[in-house]
Amino acid sequence: MSEIERHAYDVVVIGAGGAGLRAAIEARMQGKKTAVISKSLFGKAHTVMAEGGAAAAMGNVNPNDNWQVHFRDTMRGGKFLNNWRMAELHAKEAPDRVWELEAWGALFDRTKDGKISQRNFGGHEYPRLAHVGDRTGLELIRTLQQKVVALQQEDHAEFGDYEARIKVWAETTVTRLLKDGDRICGAFAYVRETGRFVVFEAPAVVLATGGIGKAFKVTSNSWEYTGDGHALALLAGATLLNMEFVQFHPTGMVWPPSVKGILVTESVRGDRGILKNSEGERFMFRYIPEVFKDKYATTPEEADRWYDDPDNNRRPPELLPRDEVARAINAEVKEGRGSPHGGVFLTVVDRMPGGAEEIKRRLPSMYHQFKELADVDITTEPMEVGPTCHYVMGGVEVDPDTAAALVPGLFAAGEVAGGMHGSNRLGGNSLTDLLVFGRRAGLGAAEYVDSLDARPAVTEEAVEAAAAEALAPLERKGGENPYAVHAELQQTMNDLVGIIRTEEELKRALEALDKLRERVGNVSVEPVAVNDGRGYHPGWHLALDLRNMLLVSEAIARAALERQESRGGHTRDDYPQMSAEWRKVNLVVRLAGDPGDPRVELKRQPMEPMRDDLLGLFETDELKKYLTAEELPAEVGAAAGDESEEGDR
Amino acid sequence: MSYEAKFRVWRGDAGEGELRDYTVEVNEGEVVLDIIHRLQATQAPDLAVRWNCKAGKCGSCSAEINGMPRLMCMTRMSTFAPDETVTVTPVRTFPVIRDLVTDVSFNYEKARRIPSFDPGDTKPGEFRMQQEDVERSQEFRKCIECFLCNNVCHVIRDHEENKPSFAGPRYLMRIAELEMHPADTADRRAIAQEDHGLGFCNITKCCTEVCPEHIKITDNALIPMKERVVGRRYDPVVWLGSKLGIVKKGQDTPSA
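Residue numbers (the working numbering), protein chains in the order written: chain S, 100 to 748; chain V, 22 to 277.
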């Protein structure tokens, strides 16, 4: 194994989406020699799929907006399970992160007075999402990509080398984090093009690998979303938080089959789109939950007035948080009022004052997506939509301020990190999450590197073990096809750990995953016919990704079985109520047992009580819906007394 | 609704390769990328293909389908007759790594040479721009970097020797985007012509034709850019004005 090349950096960022690039930019601006490891080409990350916008309380459209309102909306959306410190930092810092993008060349849509325009979105009290049509994620990734290039140009001018202080390792996949004692010392990776192995020696590693959607059959996520960062963290001894919370976006395409799951942006609903069942009923009015009763319109007339006069009308129920809308659609389909292909209808026909032209201007990507993939003209026909696995709220347990995981030298930001979004993420909060905590992770990693006396070392044994693990599927003979095992894993998760869960099904899921573990350990692939057989070998890549998907699937299923309540992205048919007692509990998983064949172990961890000044931002009546009597501010806690148990029913 | 389609897929690496025949199942609503994936899952697990989003948003799955540069994820099988043989080959302008995957590093190298956005003294939060002024550059920022425009451009498609001096439509459009950015203060007109080969473009509009984002690359980026270059060099009023010191122009920004 002595021929494996080694490269030394101060900070290695795994993932080149919004969080990874923002972290890398920060680490480099702190003077650290930084590498970005990207599973795909530079600029192709899943962030490009984000459509709606980046939520930041700039107050450009409605001056009443501020960080406190944004914080409240985020906590409500997450049903108060959020790490409140993260939600606070996010709400406070998001505007600066958006303005910073503009100084790096981003071109957001404008208000009449030339500021960044902001649009309405589910769960946000005021128009808050900075956007560029419905391709905001692309703008974000391109701006960060171009900022990386700008920094490389500075280094080229100074050192004659574009990559002197920040290098993007495109199409390179990390399979193991390396440790020296209890702390991080680097990462082991393969380069897709050649299959050659690379060792990165670095005291600090930032995980920014995104989500886990490819563990499910119907998903809006791209092939990279195989839970790599979640699994790498577990394997390195870190912990994952609240993995049971998986967001099913209410509106994915349902037809044709080959595009099932592809996202239909929430902006469609923000821009007057409404949901109807097969009977033509605008059904969302029947699904406004108790906790949101006074914030949403009860008649179509009031709802329609809201778009132009939000101060004097309540919001349309189509703009409830995503978990509520997804469950409503699920129920309509189950009760036989679905569309021909098993979804419901989402329509903007005759809903915009500017007619078809306005639809095409406001929703250009959606117009093209339906025209080209489904042969549907959304200016004259309704779309058919249904829930699709979109986002995992659970993730690596981190320190809110520094993004540090429990393992020294390990940091995590973006979707791979847990806590920020509680049990359900609001649309638009992801893009600003990437920026706020990407920056904090880059900063945290840089400060950590500065604090070290000596750099940790990568041992030859660790490298050999990682190489042997990566080579195993090629050396095994006559094993199973990784594609077949993957398909079964996805089907299992979709059927048994999906949008509505029960104890019986979750137990069956865990049994099925147990059997799948053996099969994952037994997949084999033939080398390709050229060179040493590992160059651009998709079957081999999938064989390695399967380990990660299996680990996160186990984490999700185990946590879902444990949490006996329904909240946000975790709905238990057998425990349909939200429970104030369960709100105080975080479910934390780690790996335990034989390091060669580790198992997911779960524990309950009490939630840290919210700071008083943050509690003070809410009306007591609202707090009673979520918190136990003991948690309420002292003066009202006593008065609330016996009724608090009823609060969330 | 499903049928067996005849596919010919280029298999090989940088050294050599060949078109190989496959018969593969096609179902209703599928796109070419679905069929390539089915080949991977059932007949050719080592078939190399680059893809990400499968929704026409990331620009990874560029290839040539029956000779036409296209995204595989946005090419519906219903556009072919069931008895038609569908031939899929890698994009031709960039070197093949293996099968349908090419080395597109040419594009990333060109990107690095274009001077970045320069906002001058404007601070974050202070930018004020009108919608109609940002729309011109916004059109170009729709680009998903599939590089089909650079692939199809005859200046480099059949002329390897032009590659060092020609950035291709993608990056000439990037220059136009920055030049039309309301808040940018640099001047890239001279380098557009001298370093990045704007003059090579003889507006055949092949780039516009293959753009999956329907960006009017030639009409809205390249021709206006040519006019700006010409205006700066040859407009007699500008020339006289600058001699008399009435027209003040920024310094030419050098390539990075």
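For each residue, glycine too, the CB sits at the ideal point set by N, CA and C.
- Please determine if the stretch 389–409 of chain S and the stretch 339–349 of chain S are in contact, where contact requires at least 3 C-beta pairs separated by less than 8 Å. Of all C-beta pairs linking the stretch 389–409 of chain S to the stretch 339–349 of chain S, fewer than three are shorter than 8 Å, placing the two stretches out of contact.
- Query: Exposed or buried, which one is Tyr108 (chain S) when buried takes at least 16 other CB atoms within 10 Å?
  - Reply: Tyr108 (chain S) is buried by the Cβ-count criterion.
- Spell out the partners DSSP gives Ala97 (chain S) in its beta bridges. Residue 97 (chain S) falls outside the range modelled here, since chain S spans only 100 to 748, and no answer is possible.
- Min CB distance Lys214 (chain S) to chain V below 9 Å: In terms of beta-carbon proximity, Lys214 (chain S) lines the interface with chain V, with at least one pair separated by less than 9 Å.
- Message: Considering only DSSP beta bridges, list what Met89 (chain V) is partnered with.
- Response: When beta bridges are read from the DSSP output, Met89 (chain V) appears opposite V:Ile86.
- Secondary structure of Trp268 (chain S), DSSP reduced to three states: Of the three classes helix, strand and coil, the one that applies to Trp268 (chain S) here is strand, per DSSP.
- Query: Distance, Cα to Cα, Phe138 (chain V) vs Ala207 (chain V)?
  - Reply: Rounded to the nearest angstrom, the two C-alpha atoms are 8 Å apart.
- Query: Under 9 Å between the Cβ atoms of His223 (chain S) and Gly526 (chain S)?
  - Reply: For His223 (chain S) and Gly526 (chain S), yes; Cβs fall inside 9 Å.
- Return the Cβ separation of Ala126 (chain S) and Val110 (chain S) in integer angstroms, given the expectation that the two are a contact with Cβ distance under 8 Å. Cβ-Cβ separation between Ala126 (chain S) and Val110 (chain S): approximately 4 Å, consistent with a contact (criterion under 8 Å).
- Listed by chain order, chain V residues near Leu237 (chain S) by CB distance under 9 Å: Those within 9 Å of Leu237 (chain S) in chain V are Lys78, Cys79, Arg162, Lys163, Cys164 and Ile165.
- Would you say Glu71 (chain S) and Gly77 (chain V) are within 9 Å of each other, going by their C-beta atoms? With chain S running from 100 to 748 in the structure shown, residue 71 (chain S) is simply not present.
- Same chain, Cβ closer than 7 Å to Lys75 (chain V), neighbours up to 5 away in sequence not counted: Taking Lys75 (chain V) as the centre and dropping the five residues before and after it, the same chain places the C-beta of Leu54 and Cys94 closer than 7 Å to its C-beta, in chain order.
- Message: As a quick exercise: from S:Gln346, S:Val304, S:Asn685 and S:Glu721, pick the residue whose alpha carbon is nearest that of Pro708 (chain S).
- Response: Looking at the Cα atoms, S:Asn685 is the closest of the given residues.
- Establish whether the CB of Gly146 (chain V) and some CB of chain S are separated by less than 9 Å. Yes, Gly146 (chain V) lies at the interface with chain S (some Cβ there is under 9 Å from its Cβ).
- Is the shortest distance between the beta-carbon of Arg241 (chain S) and the beta-carbons of chain V less than 9 Å? Among the CB atoms of chain V, one or more fall inside 9 Å of the CB of Arg241 (chain S).
- Message: Please report the distance separating the alpha-carbon of Ala35 (chain V) from that of Ile118 (chain V).
- Response: Distance between the alpha carbons of Ala35 (chain V) and Ile118 (chain V): 6 Å.
- Message: Bridge partners for Ala259 (chain V) per DSSP, in chain order?
- Response: Per the sequence presented here, residue 259 (chain V) reads as Val, with Ala not at that position. Answer is none; Val259 (chain V) lacks a bridge partner.
- Query: In chain V, what lies closer than 8 Å to Phe141 (chain S) by C-beta?
  - Reply: Listed along the chain, the chain V residues whose CB falls inside 8 Å of the CB of Phe141 (chain S) are Tyr129.
- Item | CA nearest to the CA of Pro162 (chain S), picked from S:Gln217, S:Leu188, S:Ala202 and S:Gln704 | Of the residues S:Gln217, S:Leu188, S:Ala202 and S:Gln704, the one whose Cα lies closest to the Cα of Pro162 (chain S) is S:Gln217.
- Task: Would you list the residues sitting across from Gln252 (chain S) in a DSSP beta bridge?
- Result: In the DSSP secondary-structure assignment, Gln252 (chain S) is not bridged to any residue.
- Item | Other residues of its chain near Lys131 (chain S): CB distance less than 7 Å, five sequence neighbours each side excluded | If we look at Lys131 (chain S) and ignore the five residues flanking it on each side, its Cβ neighbours are Asp109, Val110, Ala545 and Val548.
- Message: What does the alpha-carbon distance come out to for the pair Ser743 (chain S) and Ala679 (chain S)?
- Response: Caution applies to Ser743 (chain S), whose pLDDT of 41 falls short of 50 and renders its modelled position unreliable; the value that the coordinates give is listed next. Ser743 (chain S) and Ala679 (chain S) have their C-alpha atoms roughly 9 Å apart.
- Item | Best match in V:Pro116, V:Met98, V:Thr274 and V:Ala62 for proximity to Lys27 (chain V) [C-alpha to C-alpha] | Among V:Pro116, V:Met98, V:Thr274 and V:Ala62, the Cα nearest to that of Lys27 (chain V) belongs to V:Met98.
- Go ahead and pull the three-state DSSP assignment for Tyr395 (chain S). It is a strand residue.
- Message: Can you tell me whether Gly454 (chain S) is helix, strand or coil according to DSSP?
- Response: Annotated three-state conformation of Gly454 (chain S) is helix, per DSSP.
- Message: To be precise: take each residue of the stretch 232–248 of chain V, compare its Cβ to all Cβ atoms of chain S, and keep it if any distance is under 7 Å. Which residues remain?
- Response: Within the stretch 232–248 of chain V, no residue places its CB atom closer than 7 Å to a CB of chain S.
- Message: For the beta strand (DSSP E) containing Ala754 (chain S), name the first residue and the last one.
- Response: One cannot answer for residue 754 (chain S) here, as it falls past the ends of chain S, which runs 100 to 748.
- Item | Distance, Tyr582 (chain S) Cα to Lys614 (chain S) Cα | Roughly 16 Å between the two C-alpha positions.
- Between Ala118 (chain S) and Glu514 (chain S), is the Cβ-Cβ spacing less than 9 Å? With contacts defined by Cβ atoms closer than 9 Å, Ala118 (chain S) and Glu514 (chain S) form a contacting pair.
- Query: Rounded to a whole number of angstroms, what is the C-alpha to C-alpha distance between Ala149 (chain S) and Pro257 (chain V)?
  - Reply: Cα to Cα, the separation comes out at about 48 Å.
- Could you tell me whether any Cβ in chain V is nearer than 9 Å to the Cβ of Glu624 (chain S)? According to the sequence displayed, residue 624 (chain S) carries Val and not Glu. Look at Val624 (chain S): its C-beta is under 9 Å from a C-beta on chain V.
- Item | Under 7 Å by beta carbon: chain S residues contacting Phe101 (chain V) | Those do not exist, as Phe101 (chain V) stays about 15 Å from chain S at its closest Cβ, beyond 7 Å.
- Query: When DSSP labels each residue in this structure, what does Asn685 (chain S) get in the three-state scheme?
  - Reply: DSSP, reduced to helix, strand and coil, places Asn685 (chain S) within a strand of the structure shown.
- Query: Which residue's Cα is closest to the Cα of Cys232 (chain V): V:Glu156, V:Ser83 and V:Asp42?
  - Reply: Just measuring C-alpha positions, the residue of V:Glu156, V:Ser83 and V:Asp42 sitting nearest Cys232 (chain V) is V:Ser83.
- Item | Leu418 (chain S) versus Thr63 (chain V): straight-line alpha-carbon distance, rounded | A direct Cα-to-Cα measurement between Leu418 (chain S) and Thr63 (chain V) gives close to 43 Å.
- Query: Using a C-beta cutoff of 9 Å, does Arg209 (chain V) count as contacting chain S?
  - Reply: No, no contact with chain S.
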